Amino acid sequence: MKKITLLLLLMPVVAWTQAIKPNLFDVEVGNAYQVVDPRYRYYYSTENQIYMFKIQKTDLIVQYYDIQTHKETKHHVIPDIMEKKEIEQVLELGDKVYFFYSSYDKPNETEQLYGQEFDLSSASLSKPELILSVKGKIQRSESQTGANGSVSMNKFKFNYSFDKSTLLVWYEKYPEIKSDAKNKDVFGLFVFDDELAKKWGKEIKMPYTEKEMDNFDFQVDANENVYLLASVNDNAEILKYNNDEFEELKISSNDKKLFNPAIVEGSDKNLYLTGLYSGSKNINEIEGIFFNVLDQNGNLGDYRYIKIPKSLILSNVSEREKNKIEKKESKKGSIKLNLEMGRILVNENGDLLLTLEEKFVTIHTVTDSKGRVRVEITYHLNEEYVIKVNKEGEYLWGFKIPKIQTSRRSYSAIGSKYYYHNNKHYFLFIDHLGNQDLKANDIPKQYIDSNKGLFTAYVIDDETGQAQRDALFDMTQISYKGKTMKVYNFKLDRILETPTGFAVEVYKKGKEDVMIHIDYKQ
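Following this line, the structure appears as structure tokens:
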């Protein structure tokens, strides 16, 4: 049995300072250009250009936008390319951009995945290449970004190795048996190099039923091995696959229960395993983070269990909530949290940045004046914990981003965007307008997903954990150089990183879009 180490450290908790707007960024608005109202959009940037890929009806529209001059330089239309096709993803592999779409062959009951390289210089697509052909239907999944950077859209999902030299394309088949207690999921795992040459692939039936096994996270490494980390009967387990072998590694956790397991490859080609742990089976009573490393030889290291500091938990909460938390602590012996794993980011030296977020839904039934009943679902994303650990699993610092967000639409309408630049972590989100002058110990007002909100940034130093907050602007009115412009359709999923900061595309009416540039001052 592996040695278990419980970290009982004096854990540093950092505070933040309120920035005087616009202290951290310069805000500018680019030149207007013709609006495109697509059903799908993807943004990609290089040193000098932003490329906007948009699907409008059956056409692919590619807009070229110069970062330095803030102007659209090309508006290229490739007609009828998406007839009877569904966009799956636009991916960057090496120095190439690939365009993936799926098409269902109904007579043969076959799902097909195609890939095409997009030539940025000529604005042209290569001949479609059939990447996968799958007999039977594939389960769809909600669009989301996983802990290791995986992207889930429509039917096929995509994962990179750390160096982006290897691509995993995977899918989940429809269940053969409707009962979770009897059905064993079937996954298709297919590995390609960065030229889309297939290395190996096969369909795998899980060794456990759906009821026994959940919380999947996939990772592919540069050696073309695929790892599936899952929660099996409330404990984590790794399944390793390649073209020839299958290996099952049970992760002993002693008296701890492991939830939301995630796996990510580091630059050292080791696999970092992490997730949440509890002393009970209740996933709503999280005590902290577990950590381990699986090296290239398949050896599992010592376990580390990291409790979230009490002072961090009690920051930015009311006195009533503090008393409530402390009362529960005295009764149960430790503070229990309702959190889910978010991002897992590994840097060159093996240090990890982990984010955890309070995430839940509430369901209400509403009866109107005519006696008709409808169900309303509200999505909640609240405070976000940012925790840094080193490659030995030792806690370095922690910070809690104070926010309260709700939406009647989906989780994708709220949450935060993350970027790393020049030894700093950037978290961007929409906040309540009343939080303009939020102080370090204030309780934030609740942001309800709507057309109004405060675009907010937290900037956290990677070495010290010290943070600054900048309330940038009202998402409906952009102020810059003494001017104010009304804008519409400001959304987090339209934000992209540029060499000088960030950019977000918005609508300004008059059938025109503009790009808002949010550039670093330092």
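Reading the sequence shown from the start, the letters are residues 734 to 1255 in this note's numbering.
Don't be surprised by glycine CBs; every beta carbon is placed ideally from N, CA and C.
Owing to the predicted nature of the structure, the values given are computational and were not obtained by experimental measurement.
Proximity below 7 Å, CB of residue i to CB of residue j
i, j, result
"D1001", "A955", "no"
"N892", "F949", "no"
"E1230", "Y1152", "yes"
"N916", "E943", "yes"
"Q872", "Y847", "no"
"I728", "V762", "Here the chain covers residues 734 to 1255 and nothing more, so residue 728 does not appear."
"L991", "A963", "no"
"Y776", "E805", "no"
"N1025", "Y1010", "no"
"V1099", "R1107", "yes"
"S1285", "Q849", "Here the chain has residues from 734 to 1255 only, and residue 1285 is not among them."
"E957", "K932", "yes"
"I1249", "F758", "no"
When the options are compared against residue i, the one with the closest alpha-carbon
i, options, result
"Y960", "I937, K944, T942", "I937"
"V795", "E981, P771, S874", "P771"
"M785", "V768, Q801, T791", "V768"
"I800", "K1244, S1145, Y1253, T1233", "T1233"
"F1162", "N1174, Y1180, D1170, K931", "Y1180"
"H809", "K931, E816, K817, L793", "L793"
"L1187", "E850, E1116, Y1221, D1164", "D1164"
"K1133", "F992, Y837, G1198", "G1198"
"K1150", "E980, R1076, Y974", "R1076"
"E821", "E842, Y773, V867, N1155", "Y773"
"F1093", "V1108, D1101, G1104, Y1112", "Y1112"
"E842", "G869, E816, E1116, L1166", "G869"
"I788", "E825, D828, K804, Y834", "Y834"
"G1148", "Y798, F1024, K1136, E981", "K1136"
"G1243", "V1220, K1224, D1226, T802", "V1220"
"N1222", "S1051, T791, I1228, V1239", "V1239"
"K731", "F1160, Q1201, Y831, T1095", "A question about residue 731 goes unanswered here, because the residues of the chain that appear run from 734 up to 1255."
"D828", "I814, E862, S836, S778", "S778"
"V919", "G1215, N958, Y941", "Y941"
"D1246", "K790, A1236, N756", "A1236"
Residue i in three-state terms, based on DSSP
i, result
"A1204", "strand"
"K973", "strand"
"I1249", "strand"
"G687", "Nothing in the structure corresponds to residue 687, since the chain is present only between 734 and 1255."
"K1061", "helix"
"R1227", "helix"
"N1168", "helix"
"P1261", "Residue numbering for the chain in the displayed model covers 734 to 1255; residue 1261 lies beyond these limits and cannot be assessed."
"G1012", "coil"
"N968", "strand"
"A1236", "strand"
"I864", "strand"
"T1197", "coil"
Cutoff 7 Å: residue i Cβ touching any chain B Cβ
i, result
"F833", "Within the model displayed, chain B is absent; a lone protein chain is all it includes."
Spell out a yes or no on whether the region 1119-1134 and the region 1086-1103 are touching, meaning 3 or more CB-CB pairs, one atom from each, closer than 8 Å.
-> yes
Scan the region 1024-1059 and note each continuous alpha helix (DSSP H) run of 4 residues or more that stays entirely inside, going in chain order.
-> 1043-1046
If we count Cβ pairs, one from each stretch, closer than 8 Å, do we get three or more for the region 992-999 versus the region 1035-1047?
-> A contact is defined here as three or more CB-CB pairs under 8 Å, and the region 992-999 fails this definition with respect to the region 1035-1047.
Secondary structure, beta strand (DSSP E): runs of 3+ residues fully inside the region 764-825 | 773-778, 782-789, 792-799, 804-811
Spell out a yes or no on whether the region 919-929 and the region 895-910 are touching, meaning 3 or more CB-CB pairs, one atom from each, closer than 8 Å.
-> yes
Does the region 1133-1149 come close enough to the region 1203-1214 to have 3 or more Cβ pairs within less than 8 Å?
-> Under the three-pair Cβ rule at 8 Å, the region 1133-1149 does not count as touching the region 1203-1214.
What runs of the beta strand (DSSP E), each 3 residues or longer, lie entirely inside the region 922-962?
-> 931-938, 946-953
Complete beta strand (DSSP E) runs within the region 1075-1147 (minimum length 3 residues, chain order) | 1085-1100, 1106-1122, 1128-1134, 1138-1140
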